[in-house]
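Chemist: Here you go, one structure.
Residue numbers (our numbering), protein chains in the order written: chain W, 555 to 613; chain A, 122 to 323; chain D, 370 to 624; chain F, -2 to 436.
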């Protein structure tokens, strides 16, 4: 029982830490804005770029 | 085990079991990111990179961690989380260290977390049981080579499909109701038929 | 049971009914948004596998929508997406284990597409765009409606492909129904186009369905356009009549 | 800081809850999944025995009965016996073939299934489709094979495996005959064939018990009495004492009962001490006496070299010096001289590569006049049917002049590889012989 639960906890932790680290890392200068057109056709909701775009739109 | 195993693995993953056309993995980016040849190539490069790394990580994870601990049942969640973190880490490193690489791959990397081809190949490498066929060590190389071949196949199809699509979009004599996605799907179907013919290559 | 809940609530508030039915045609995830095309192509060679896949998605989508909307206030914004992925993959793993235990034929035929439900954009999409902003009941109904719409789309593709490739619709083969057999069994070579059971057929069938939907859509638009044109003409005619009337009146006044 | 702690806490809770949920589902479904996987793995058995309890109901036993390697006892969930399955494998000229035979407790064949093979698929498929149904419902101890199969290699292999399974079910009459003298015998193996003078051609069979220790040796041959032939065996204990006479046929056993009883006086007597003259002068006993004396003449020769030599030629007095010919197939050759010390024949011993994985060990004797006088295949693992054709052809060659007759013999045609191997051996031997005799 224990190894399974611990493993899942570990994997979750690893993912979230890497996610947070990635979010903290700023994109290189001049590349923070992504061409919205290039993103348009894709329906992927996990895409962080799409999120940032939406957030910017909302602002 | 000989070199022929690797060549067989590469060709069969690339042509005979083409991820997109014959196994339906990664159809979303296939239709979504294939409007321009340039973006299709960018996506293919990102997929190649992540697919190989993901195969190289998930295979030992399964055989060195999950199996000895007898927790094979967490495979699905383990793989998706590992691949997702991998993508995040790769994106972070690219952001930090290579502006050029980020410029060409940056848009596509985040899409890859939920690309079924990556997870699909990782799972396939386990269910195809290379470890039993070749032993755990050599099986690792076969798994990585298979992933590479699959990514090559993805790139090949993406490139040719986007080239066709660029012309399709310019075609004006198409019936209106077929324009856009429907005709693209028909083209993909014809391409799949063509790829069926490659079945006897290995 | 969930369907009953949906109906009851739907009676009370007409908004919920629309919330439930929108996934079938208007916002159908496969035909309109092209979400989840991988399973829509891969597991739809027969009606039963399509239905099986659809049911698994119903299970995962409803549960993940409920859980996401329940805990939406506790999840820090920074780790929103990762949390959703964890929740979804938990349910997918559970569903996979249950399927292997109780419907092993379905498990065999769906193969790697069961773990791949995790990366089905539909599920993450609903969690992200609907469940994280709405209450539990609405999220559950939305999930159910969307998943049933997805199932409907899969079954439509599945029934076309199975019929074209075998000339019959088999049942009891993959789902543990207890009985098996086939319906519409045309024992003729006319309905035996094996290519539709294969990869190429999947693309072509979806392409044709999308073209038909697009044609219907265009037709509607055209009709609306004609109606609008007629209305405009009518208005013009009325305006003209009024104008003439005025002219006549003014002429009469002069006389 | 507080924010980060909160994130960590949420993260921990989500991970723990999801881990627990997955573990719970796993515990709930574990047994069923294992059973389903076992079912899938053992699908061929489940197909034959639908009520089979795949987790506890299968008892696997390794057996060595000819081509059958595994006997599986099938029980249902209630523990009742529902049948047996036999897993056999054969190698024929086109490759291997694995066959599973399922029978119900009464011995009726449920089904015969080819699980794996490397035979030509286009031959196997029609065979399975058209002829295998014939097996279903037949009693395994009396299987009626379909004569219209075109006698393909595949069908022959299946026949051979069914025959081996039949012996497992019905018992092997040959083994039972051995067991009447040596109660502990579990397995027997033919070691070599040689000619033993009056006894004719004799096959030496070693008998082993279940721990694979040699318990005895039986020399089997054929006797003729009143124009009828009977197969019998001369049994010798492991300590070189006489054990008894065996008849394999029940009728023969009865007919010769008194004669066999007469031999009982030699039981446990050293072979050397056996004096056949003490036996009564009676027709049936005399036939056995002739066989025994011919055999004993060979067996009692102390000098190993001479014994071997005498296997080739009874009239030999001494062997010439052994040498190694140049051919890679011929390992040893020596001349034989008769009692007048004149050159009688030349013996060639060697091995030649045939179809099987091991070479064919054989020897031939070429008489002074250049005819092939005698030969023996000591060991081979050629495909039985094919090998036999070639070896039968050798019989035809016996006594042939030193000509090209054996090359013209079309008796080989059935087994080209084996035939060519044997031919090459004879070629080499004849070449060496001609060189020696200066032809």
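Cβ coordinates follow ideal geometry from the N, Cα and C atoms, glycine included.
When Cβ atoms are compared, which residues of the stretch 443 to 458 of chain D fall closer than 9 Å to chain F?
Modeler: Those would be 443, 444, 445, 447, 448, 451, 452, 455, 456, 458, in chain order.
Chemist: Name, in chain order, the residues that DSSP records as bridge partners for residue 59 of chain F.
Modeler: Answer is F:67, bridged to residue 59 of chain F.
Chemist: What are the start and end residues of the beta strand (DSSP E) that includes residue 135 of chain A?
Modeler: Element bounds for residue 135 of chain A: n/a, residue is neither H nor E.
Chemist: Among all the DSSP beta bridges, which residues are the ones paired with residue 343 of chain F?
Modeler: According to DSSP, residue 343 of chain F bridges with F:332, F:363.
Chemist: Any beta carbon from chain W within less than 8 Å of residue 22 of chain F's own beta carbon?
Modeler: Chain W, which has no Cβ nearer than 8 Å to the Cβ of residue 22 of chain F, makes this no.
Chemist: Work out the CA separation of residue 335 of chain F and residue 400 of chain F for me, nearest whole Å.
Modeler: Below a pLDDT of 50, predicted positions are generally treated as unreliable, and residue 400 of chain F, at 48, falls in that range; no measurement from the model is reported.
Chemist: Beta-carbon within less than 7 Å of residue 207 of chain F's beta-carbon, same chain only, minus the 5 sequence neighbours each way: which residues are those?
Modeler: The answer, listed in chain order, is 183.
Chemist: What residues from chain D crowd round residue 303 of chain A, counting only those whose CB sits closer than 7 Å?
Modeler: Simply 576, 579, 580, 583.
Chemist: Under 8 Å, do residue 466 of chain D and residue 194 of chain A count as touching if we go by C-beta distance?
Modeler: Contact: yes.
Chemist: Counting only beta-carbon separations shorter than 8 Å, does residue 307 of chain A have a partner in chain F?
Modeler: No, no contact with chain F.
Chemist: What are the boundary residues of the alpha helix (DSSP H) that residue 482 of chain D is part of?
Modeler: Counting along the chain, residue 482 of chain D falls outside any alpha helix (DSSP H), and DSSP gives it neither H nor E.
Chemist: Against residue 29 of chain F, what residues of chain D qualify as contacts under a CB-to-CB distance less than 9 Å, listed in chain order?
Modeler: Those are 469, 470, 471, 473, listed as they occur along chain D.
Chemist: Pull out every residue of the stretch 2 to 21 of chain F whose Cβ sits closer than 9 Å to any Cβ of chain A, in chain order.
Modeler: Within the stretch 2 to 21 of chain F, the qualifying residues are 15, 16, 19, 20.
Chemist: Counting only runs that start and end within the stretch 98 to 135 of chain F, where is the beta strand (DSSP E) found for 3 or more residues in a row?
Modeler: Complete beta strand (DSSP E) runs here, min 3: 106 to 114.
Chemist: When the Cα atoms are used, what is the spatial distance from residue 441 of chain D to residue 108 of chain F?
Modeler: Going from the Cα of residue 441 of chain D to the Cα of residue 108 of chain F covers about 60 Å.
Chemist: Are the Cβ atoms of residue 305 of chain A and residue 584 of chain D separated by less than 8 Å?
Modeler: Not closer than 8 Å, so no.
Chemist: Pick out the complete beta strand (DSSP E) segments inside the stretch 2 to 47 of chain F, 3 residues or longer, and give them in chain order.
Modeler: Correct list: empty.
Chemist: Which two residues bound the contiguous alpha helix (DSSP H) that contains residue 337 of chain D?
Modeler: Residue coverage of chain D in this structure runs from 370 to 624, which leaves residue 337 of chain D outside it and unanswerable.
Chemist: Short of 7 Å Cβ to Cβ, which residues in the stretch 423 to 445 of chain D face chain A?
Modeler: Answer in chain order: no residues at all.
Chemist: Applying the criterion that 16 or more other CB atoms from any shown protein chain within 10 Å of the CB defines a buried residue, is residue 220 of chain F buried or exposed?
Modeler: Under this definition residue 220 of chain F is a buried residue.
Chemist: Are residue 215 of chain A and residue 182 of chain A close, meaning C-beta to C-beta below 8 Å?
Modeler: It is not a contact, given that the beta carbons lie outside the stated cut-off.
Chemist: Could you say which of D:582, D:591, D:598 lies nearest to residue 400 of chain D if we only look at CA atoms?
Modeler: Checked all of D:582, D:591, D:598; the closest Cα to residue 400 of chain D is D:582.
Chemist: Report the neighbours of residue 205 of chain A on chain W: residues whose CB is nearer than 7 Å to its CB, in chain order.
Modeler: The answer, in chain order, is 569.
Chemist: Do you know whose CA, among F:363, F:158, F:326, lies nearest residue 344 of chain F's CA?
Modeler: Comparing Cα positions, the closest option is F:363.
Chemist: With a threshold of 8 Å between beta-carbons, can residue 271 of chain A be considered close to chain B, or not?
Modeler: In summary, chain B is missing from the structure at hand, where the protein chains are W, A, D and F.
Chemist: Would you verify that the beta carbon of residue 573 of chain W is, or is not, closer than 8 Å to some beta carbon of chain D?
Modeler: It does: the Cβ of residue 573 of chain W has a partner Cβ on chain D nearer than 8 Å.
Chemist: For the stretch 405 to 413 of chain D against the stretch 524 to 537 of chain D, do three or more pairs of beta-carbon atoms, one drawn from each stretch, fall closer than 8 Å, so that the two count as touching?
Modeler: A contact exists between the stretch 405 to 413 of chain D and the stretch 524 to 537 of chain D.
Chemist: Is the CB of residue 263 of chain A under 8 Å away from at least one CB in chain F?
Modeler: No - not a single Cβ of chain F is within 8 Å of the one on residue 263 of chain A.
Chemist: If you run the structure through DSSP and keep just helix, strand and coil, what is residue 179 of chain A?
Modeler: Helix, per DSSP.
Chemist: Go through the stretch 235 to 259 of chain A residue by residue and report every complete run of the alpha helix (DSSP H) that reaches 4 residues or more, in order.
Modeler: Runs of the alpha helix (DSSP H) inside the stretch 235 to 259 of chain A: 237 to 248, 251 to 255.
Chemist: Which residues in the same chain as residue 173 of chain A place their Cβ atom closer than 8 Å to its Cβ, once the five residues preceding and following it in sequence are excluded?
Modeler: So the qualifying residues of the chain are 265, 268, 269, 272.
Chemist: By DSSP, does residue 400 of chain F sit in helix, in strand, or in coil?
Modeler: Caution applies to residue 400 of chain F, whose pLDDT of 48 falls short of 50 and renders its modelled position unreliable; the value that the coordinates give is listed next. Coil at residue 400 of chain F, not helix or strand.
Chemist: At what residues does the alpha helix (DSSP H) containing residue 216 of chain F begin and finish?
Modeler: That residue, residue 216 of chain F, is in no alpha helix (DSSP H); its beta strand (DSSP E) goes 211 to 222.
Chemist: What are the boundary residues of the alpha helix (DSSP H) that residue 573 of chain W is part of?
Modeler: It spans 556 to 578 - the alpha helix (DSSP H) in which residue 573 of chain W sits, taken as one unbroken run.
Chemist: Between which two residues does the beta strand (DSSP E) containing residue 203 of chain F stretch?
Modeler: That run of the beta strand (DSSP E) goes 198 to 205.
Chemist: Assuming residue 64 of chain F and residue 157 of chain F make a contact with CB atoms under 8 Å, what is their CB distance in whole Å?
Modeler: With 8 Å as the limit, residue 64 of chain F and residue 157 of chain F qualify as a contact, their Cβ atoms being about 6 Å apart.
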